[in-house]
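Residue numbers (this note's numbering), protein chains in the order written: chain A, 1234 to 1546; chain B, 1234 to 1546.
For every residue, glycine included, the Cβ atom is placed at its ideal position computed from N, Cα and C.
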């Protein structure tokens, strides 16, 4: 089945247009997980990577039946070297075994055969001989950066069609300085983020699924609600992956601007607020190992309700 | 010592402004290396990764005393999963042990703490506890994509200063469709690649070394010689990393446009022509295991002479 249809059906099934970001900094991992991992696997990258893998599994266990997808951020695994990448690989497998979709947040970009290599790594398969291929990381979707134009995007799109995968192209990012390049106005009056949105339309046209959305999605930050409103109208078929809700300052009302009237069209990410729910005001005084799941799940439910209310569902 | 000064001194020492791209596709690896690796480590990712590592080592052995730097392209390692990343890690170590500088070609980009995580992975160190840190991949420099603006670049620049590292920011890439975004003209009359070049100037200003060049470099493809001429003038302190020479169609004369009159200011990459020299017309009929090094080195020498002649040195 097409990625975008799988995503939408999961969202409908759970009545939940949110995604949990798995950006497992070691400082987020509660002591009871970290101490055990470091004791068993040493205090270096191996121990740290085991700690973040266990942390991820705990979070997934707490929410897999109510949240449709996760978004692990590759940087937080790469920083622990090969062991970290192994934790990423195991995290992807674990999420999939629990029925969650995995959006690898790697913002990859390159040209031609190199873009193909990235696509093989995250969305497809890699040939190891004339008659054998293996899956490297096996995510369901990948975030990509389109600064290099179509040459850098085409290999990913081909694999989307071949393997039922998806991509989300950076259009307007959630950070403060995102305007330095993205908000420049071209001579025909378009902002750069609008020009990129137009390319997303063009590239996504050919892979529209049964709900009218494409495997070629877009990233638009909740921290720019006015631009999100403009982009929601401009993006014909793109599902919008929305970072910037919660810790970064975007509200549910802001995030709501990326949805269409059908209640679809956007999926909202939260990372820190869910991963670190156990540290919050509400939980930290009564926190115990047994209540980690409870804190995590309660925040995921709160977020779902917050978003559903904002989009009037 | 600053990265840019280390790079320039290596270039002067070897009288060679080129860099060997290590993009080791399995199909490039000669049979005598591949067969041995697959026999010893199996035909899956482990065998493939051992094969590309041995291939890289052979190339490095052939050229390390005449070429200042290598540019391994991360995608070609990521496609072999965790084993591939291990081959990347070992390749970096091997190059450094031979005195070569390593420019990791990852085109990474993200914001704030995530950009910091990428920077820790490739340029800096990662904390594993309050009083311990480890190096994940330990490259000397990294290519980065600036679409997200200063928030996405600042963490890398800080690590450049802290650890003597460098970055090369994508300005005008070598591929056919690079103009789709990069050639758009803004209302103040600048092309987007010029606007990015202006940001490179701004960001690089604070880290200029003893030769007048900055740790913050730029990527400009040899396939766009006219734009390279404009950008060479516009980029005040940036060293230019030039892809697109050779297999992609850029000539030495084209590449020469990225140099300044001091004979410095650019470093030209070639990947396939050197890695696959043994397959070329000149070598393939007389090829033997013993002559692999010879083919590789002869092409590296030919390229050096080609570039030096074009810049009149």
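- Query: Which bits of chain B does residue 1312/A rub up against, with CB to CB less than 8 angstroms?
  - Reply: 1350, 1351, 1353, 1354, 1359 and 1369
Is the beta carbon of residue 1350/A closer than 9 angstroms to that of residue 1508/B? no
With a threshold of 9 angstroms between beta-carbons, can residue 1347/B be considered close to chain A, or not? yes
Item to complete: Look at residue 1498/A and residue 1463/A and say whether their C-beta atoms are less than 9 angstroms apart.
Response: no
* Burial state of residue 1440/B (16 or more Cβ within 10 Å) -> buried
(request) Kindly list the residues whose CB is nearer than 6 angstroms to the CB of residue 1256/B, restricted to its own chain and excluding five residues on each side of it in sequence; keep chain order. (result) 1306, 1309 and 1504
Q. So, helix, strand or coil for residue 1238/A, using DSSP?
A. helix
* Anything in chain B within Cβ reach of residue 1492/A, meaning under 9 angstroms, just list it in chain order. => None at all; the shortest Cβ gap to chain B is about 23 angstroms.
- Message: Within the continuous alpha helix (DSSP H) that includes residue 1403/A, where are the two ends?
- Response: Taken as a continuous stretch (DSSP letters only), residue 1403/A belongs to no alpha helix (DSSP H), being part of the beta strand (DSSP E) at 1399-1405.
* How about residue 1428/B: is its C-beta nearer than 9 angstroms to some C-beta of chain A? -> yes
At the level of alpha carbons, what is the spacing between residue 1366/A and residue 1446/B? 45 angstroms
| query | Nearest to residue 1547/A by alpha carbon, out of 1466/A, 1407/A and 1304/A? | reply | Within the shown structure, residues of chain A are numbered from 1234 to 1546, placing residue 1547/A beyond reach of any answer.
Amino acids of chain A, ordered along the chain, whose beta-carbon sits closer than 7 angstroms to that of residue 1309/B = 1350
### Query
Helix, strand or coil for residue 1461/B per DSSP?
helix
TODO: Can you check the stretch 1272-1328 of chain A for any alpha helix (DSSP H) of at least 4 residues that lies completely inside it and give the ranges in chain order?
DONE: 1278-1296 and 1308-1311
Going by Cα to Cα distance, which pick from 1360/A, 1381/A and 1392/A is closest to residue 1374/A? 1392/A
Please report how far the alpha carbon of residue 1524/B lies from the alpha carbon of residue 1511/B, in whole angstroms.
8 angstroms
Review point. Unbroken alpha helix (DSSP H) runs of length 4 or more, entirely within the stretch 1449-1500 of chain A: which are they?
Key: 1458-1467 and 1485-1489
Does the Cβ of residue 1235/A have 16 or more other Cβ atoms within 10 Å, making it buried, or fewer, making it exposed? buried
> Taking only beta-carbon atoms, is residue 1500/A less than 9 angstroms away from chain B?
Replying inline: no
Practice problem: Could you list the residues in the stretch 1273-1286 of chain A with a C-beta less than 8 angstroms from some C-beta on chain B, going in chain order? | Solution: 1276, 1277, 1278, 1280 and 1281
Q. So who's on the other strand from residue 1338/B, going by DSSP bridges?
A. 1306/B
Item to complete: Keeping to the same chain, check which residues put their C-beta closer than 8 angstroms to that of residue 1325/A; ignore five residues upstream and five downstream.
Response: 1305, 1335, 1337, 1370, 1371 and 1372
(Q) I'd like to know whether the C-beta atoms of residue 1299/A and residue 1442/A end up nearer to each other than 9 angstroms. (A) no
Using a 10 Å radius around the Cβ and a threshold of 16 neighbouring Cβ atoms, would you call residue 1398/B buried or exposed?
buried
Alpha carbons only, please: which of 1493/B, 1352/B and 1287/B is nearest the one belonging to residue 1327/B?
1287/B
### Message
On the CB-based measure, 16 or more other CB atoms within 10 Å of its CB, does residue 1539/B come out buried or exposed?
### Response
buried
Residue 1519/A, buried or exposed, once every other Cβ within 10 Å from all chains shown has been counted against 16:
exposed
(message) Which residue wins for smallest C-alpha separation from residue 1247/A, given the options 1297/A, 1387/A and 1322/A?
(response) 1297/A
- Task: Could you give the DSSP three-state label for residue 1434/B: helix, strand or coil?
- Result: helix
Self-check item: Which listed residue (1479/B, 1491/B, 1490/B and 1522/B) has its alpha carbon closest to that of residue 1535/B
Solution: 1479/B
Item to complete: Name, please, each residue of chain B whose Cβ falls closer than 8 angstroms to the Cβ of residue 1290/A.
Response: Chain B residues near residue 1290/A: none, gap ~18 angstroms exceeds 8 angstroms.
Strictly below 7 angstroms CB to CB, what residues from chain A border residue 1409/B? 1384
Query - Residue range of the alpha helix (DSSP H) that includes residue 1412/B - result: 1412-1415
Exercise for the section: State yes or no: is the beta carbon of residue 1183/A nearer than 9 angstroms to at least one beta carbon in chain B? Expected result: In the structure displayed, chain A extends from 1234 to 1546; residue 1183/A sits before or after that span and is not available.
(message) Taking 6 angstroms as the limit between beta carbons, can you name the residues of its chain near residue 1283/B, skipping five residues before and five after?
(response) 1270 and 1274
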